[in-house]
Structures are given as C-alpha cells and as structure tokens.
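Trainee: Sending over a structure as structure tokens; questions will come in a sec.
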Amino acid sequence: MIEILSPTELARAKETGALVADILQALRTRATVGTNLLDIDRWTATMIADAGAQSCYVDYEPSFGRGPFGHYICTSVNDAVLHGLPHDYALVDGDLLTLDLAVSLGGVAADSAISFVVGDSQPAESLALIDATERALRAGIAAAVPGARVGDLSHAIGTVLTAAGYPVNTEFGGHGIGSTMHQDPHVANTGRPGRGYRLRPGLLLALEPWLMTDTAELAMGDDGWTLRSATGCRTAHSEHTIAITEDGAEILTLPSGTRTA
Numbered sequence: 001m002i003e004i005l006s007p008t009e010l011a012r013a014k015e016t017g018a019l020v021a022d023i024l025q026a027l028r029t030r031a032t033v034g035t036n037l038l039d040i041d042r043w044t045a046t047m048i049a050d051a052g053a054q055s056c057y058v059d060y061e062p063s064f065g066r067g068p069f070g071h072y073i074c075t076s077v078n079d080a081v082l083h084g085l086p087h088d089y090a091l092v093d094g095d096l097l098t099l100d101l102a103v104s105l106g107g108v109a110a111d112s113a114i115s116f117v118v119g120d121s122q123p124a125e126s127l128a129l130i131d132a133t134e135r136a137l138r139a140g141i142a143a144a145v146p147g148a149r150v151g152d153l154s155h156a157i158g159t160v161l162t163a164a165g166y167p168v169n170t171e172f173g174g175h176g177i178g179s180t181m182h183q184d185p186h187v188a189n190t191g192r193p194g195r196g197y198r199l200r201p202g203l204l205l206a207l208e209p210w211l212m213t214d215t216a217e218l219a220m221g222d223d224g225w226t227l228r229s230a231t232g233c234r235t236a237h238s239e240h241t242i243a244i245t246e247d248g249a250e251i252l253t254l255p256s257g258t259r260t261a
C-alpha cells in the first residue's frame, strides 16, 4: 500500500515527526556511561504515553522477528545495527549506540534513528561510520523531489556509502510511512536511477542509510530480533521521515525547536 496524505494528515505528520525527534534528543542527552538499555526503553514508554501517542514497536510482529517486539524503542549497540532489542546492558565509554524510534500520533506515524558514541572516547572508525550514514541521508533527501523515482533516491544514498568505502546491504532500507509504520515503496540503500515509483506530493518516506564497517552480511542475534554484523564489526544507522512537497522534501523528524517550516 502507498498512501498519499491530505493537507490535514500532513499537518498531523509534522506533529508526530517533531515528537519522535524530541524524544530521541532527550534520550541522547540521558544516554551516558552507565545508562542501562532497559532504562532507555522505560523513559521512551513514559514520553510516548505523556504525549498521548502510541508506540509502533511494542506490538510489532513481522515475519522476521520472534514474536511481538515488546519494547518501545530499538537500542542497537556496536555490532548491532537494526531492531536492537532493549536488554539488561549498561553502556560503557566508547559504545556506538543507535536509537531507532517510530511513534503514531493522531493516526499518522513517523520514524527516525540516530547513532552516536557514548562517553569521552570517540573512536575514529565509529565517527566515520556515523558521518557516512548522515551524508548519505542528506543526499537521499536532496534527491527526493516531485517526479523523481525511488531509484534516484537509492542511487544518491548508495553513491555516498560506496564512495566512503563501505559495502551496502539491500535487505533492509527505507520505506513508505503514513497511517502505519511500514508501507510501500521500499527504498533500498543503493540502486539504479530512473527506476521505481515516481514521487508525488503528499507521499511520506522514511529514508534510513545504515552501514557495517567491513561486511554487507547480517546475522540474527540470539534474542530473535537484533540484527548484527556477521563479522562483529561496528555499525551505524541514520534515519529521517520526510514529506514530498511541491518544492522538494520536508524533513519531519527534526526537534521542535529547530523546525523552520
């Protein structure tokens, strides 16, 4: 299913996007050395409830997972890159943490992810990974104009990732979003330009470049949810929800204090 949002729905999407971004920024501030991943999950649940919103994850039960996700945020550490199941782990100095959050408010969902290094130790390898995903995300957003095709976005993202020297996995990538968290079209993190669905104003997309340092192969964790790099290398993931407008793409998942539109 591909949804095209009405102006009223788009206004609600902007509210949802700001909420997601604000929660992620609050969590980034609180996620310090010694913070437990289960505390991050509890804080997230409280902030979602206080906003009158609903989690897109707690009852999420796709075919590739082991039962309902049962938590409110994905917390992926170091070699974990996607669907990191919160568990009893206290962050240590130098951990690379990815927080991935999807929330629904007023019947419209938004999805975003940030990666950052915890503590004073800032390994160059980790910072380079994060930088590559952020630059690729900006390139994908810049390519998201009315009339462009999904392949143009994939090509823009993949060009940055491969130029940085990283292998690219295409099993999981960006996606349409609207009344539900995951919709068509799929937006792979590399691809051929001029192919795929043509973008229209009112379309919402969640673009999410993610990388593993030295492999494109994923391995499922013992919890049946967390996807890790097959080699144990470090990983990073950056994501924004955007709306296609008549003029280009509007980023919806910016913190409320930084929004200009």
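For the sequence shown, position 54 (counting from the first letter as 1) is numbered 54 according to full-length UniProt numbering, and the numbering increases by one without interruption. We put the CB at the ideal spot given by N, CA and C, even for glycine. Note that the coordinates shown come from a computational prediction; the quantities given were computed from them, not determined experimentally.
Classify residue 258 as buried or exposed, calling it buried when 16 or more other Cβ atoms lie within 10 Å of its own Cβ.
Mentor: Against the sequence shown, residue 258 aligns to sequence position 258. With fewer than 16 other Cβ atoms within 10 Å, it is exposed.
Trainee: Does residue 195 pass the burial test, meaning 16 or more other C-beta atoms within 10 Å, or should it be called exposed?
Mentor: For this step, residue 195 is matched to residue 195 along the sequence shown. Under this definition residue 195 is an exposed residue.
Trainee: Please classify residue 69 as buried or exposed, where buried requires at least 16 neighbouring CB atoms within 10 angstroms.
Mentor: In the sequence shown, counting from the first residue as 1, residue 69 sits at position 69. Looking at its Cβ environment, which holds 16 or more other Cβ atoms inside 10 Å, residue 69 is buried.
Trainee: At what residue ranges does the region 146–195 contain a whole run of the alpha helix (DSSP H), taking only runs of 4 or more?
Mentor: Listed in chain order, they are 150–163.
Trainee: Mind reading off the beta-carbon distance from residue 129 to residue 236? Whole number of angstroms is fine, and I expect it under 8 Å.
Mentor: Taking the sequence shown and counting its residues from 1, the one referred to as residue 129 is at position 129. Taking the sequence shown and counting its residues from 1, the one referred to as residue 236 is at position 236. Contact holds; Cβ gap of about 4 Å.
Trainee: Compute the Euclidean distance between the alpha carbons of residue 41 and residue 142, then round it to the nearest angstrom.
Mentor: In the sequence shown, the residue the question calls residue 41 occupies position 41. In the sequence shown, the residue the question calls residue 142 occupies position 142. C-alpha separation (whole angstroms): 32 Å.
Trainee: Which whole-angstrom value describes the C-beta separation of residue 171 and residue 204, a residue pair presumed to lie in contact below a C-beta threshold of 8 Å?
Mentor: Within the sequence shown, the letter at position 171 stands for residue 171. Within the sequence shown, the letter at position 204 stands for residue 204. About 22 Å; that fails the 8 Å criterion.
Trainee: Quick check on the DSSP output: the beta strand (DSSP E) that includes residue 81 runs from which residue to which?
Mentor: On the sequence shown, residue 81 is found 81 positions in, with the first residue counted as 1. Taken as a continuous stretch (DSSP letters only), the beta strand (DSSP E) holding residue 81 covers 80–82.
Trainee: If we call anything under 9 Å between Cβ atoms a contact, is residue 162 one with residue 139?
Mentor: Sequence index remark: in the sequence shown, residue 162 carries index 162 (1-based). Sequence index remark: in the sequence shown, residue 139 carries index 139 (1-based). No, the pair does not count as a contact, with Cβ atoms beyond the cut-off.
Trainee: With DSSP run on the structure shown, which of helix, strand or coil describes residue 25?
Mentor: In the sequence shown, counting from the first residue as 1, residue 25 sits at position 25. In this structure, residue 25 counts as helix in the three-state DSSP scheme.
Trainee: Let's see if you can read the secondary structure: which residues bound the beta strand (DSSP E) around residue 273?
Mentor: Any question about residue 273 goes unanswered here, given that the chain covers just 1 to 261.
Trainee: Drop a sphere of 10 angstroms on the beta-carbon of residue 198, count the other beta-carbons inside from all chains shown, and report buried for 16 or more, exposed for fewer.
Mentor: Position 198 of the sequence shown, counting from 1, holds the residue named residue 198. When all chains shown are included, residue 198 counts as exposed.
Trainee: Have a look at residue 201 and residue 256 and give me their C-alpha separation to the nearest angstrom.
Mentor: By one-based count along the sequence shown, residue 201 stands at place 201. By one-based count along the sequence shown, residue 256 stands at place 256. So the alpha carbons of these two residues sit roughly 23 Å apart.
Trainee: DSSP on residue 272, reduced to helix/strand/coil?
Mentor: No answer is possible for residue 272: it lies beyond the span of the chain, which begins at 1 and ends at 261.
Trainee: Measuring CA to CA, which of 44, 81 and 149 is closest to residue 72?
Mentor: Counted from its first residue, the sequence shown places residue 72 at position 72. Selected option, being the one with the closest Cα: 44.
Trainee: Beta-carbon separation of residue 249 and residue 145 under 9 Å?
Mentor: Here residue 249 refers to the residue found at position 249 of the sequence shown. Here residue 145 refers to the residue found at position 145 of the sequence shown. Yes. Within cutoff.
Trainee: For the candidate residues 234, 227 and 243, whose alpha-carbon lies nearest to that of residue 83?
Mentor: For the purposes of this step, residue 83 is taken as residue 83 along the sequence shown, with counting starting at 1. Answer by Cα proximity: 227.
Trainee: Below 9 Å between beta carbons: does that hold for residue 9 and residue 174?
Mentor: As a working note, residue 9 is residue 9 in the sequence shown. As a working note, residue 174 is residue 174 in the sequence shown. Not a contact, by the Cβ cut-off of 9 Å.
Trainee: Any idea what DSSP makes of residue 88, helix, strand or coil?
Mentor: Residue numbering aside, residue 88 sits at position 88 when the sequence shown is read from its first letter. DSSP places residue 88 in coil when its eight states are reduced to three.
Trainee: Please list, in chain order, all residues of the same chain as residue 234 whose beta carbon is under 7 Å from its beta carbon, the five residues on each side excluded.
Mentor: The residue labelled residue 234 in the question sits at position 234 within the sequence shown. Closer than 7 Å at Cβ, skipping near neighbours: 78, 79, 96, 125, 126, 129 and 213.
Trainee: Residue 103 and residue 35 look like a contact to me (Cβ under 8 Å); what is the Cβ gap, rounded to whole Å?
Mentor: In the sequence shown, counting from the first residue as 1, residue 103 sits at position 103. In the sequence shown, counting from the first residue as 1, residue 35 sits at position 35. That belief does not hold up - the Cβ atoms of residue 103 and residue 35 are roughly 21 Å apart, past 8 Å.
Trainee: What are the residues that DSSP puts in a beta bridge with residue 69?
Mentor: Stepping through the sequence shown from its first residue, residue 69 is reached at position 69. Per DSSP, none; premise fails for residue 69.
Trainee: Could you pull the start and end residues of the alpha helix (DSSP H) that residue 47 belongs to?
Mentor: The count along the sequence shown starts at 1 and reaches residue 47 at position 47. Unbroken alpha helix (DSSP H) run through residue 47: 37–50.
Trainee: Should residue 61 be labelled buried (16 or more other beta-carbon atoms within 10 Å of its own) or exposed?
Mentor: For the purposes of this step, residue 61 is taken as residue 61 along the sequence shown, with counting starting at 1. Flag for residue 61 reads exposed.
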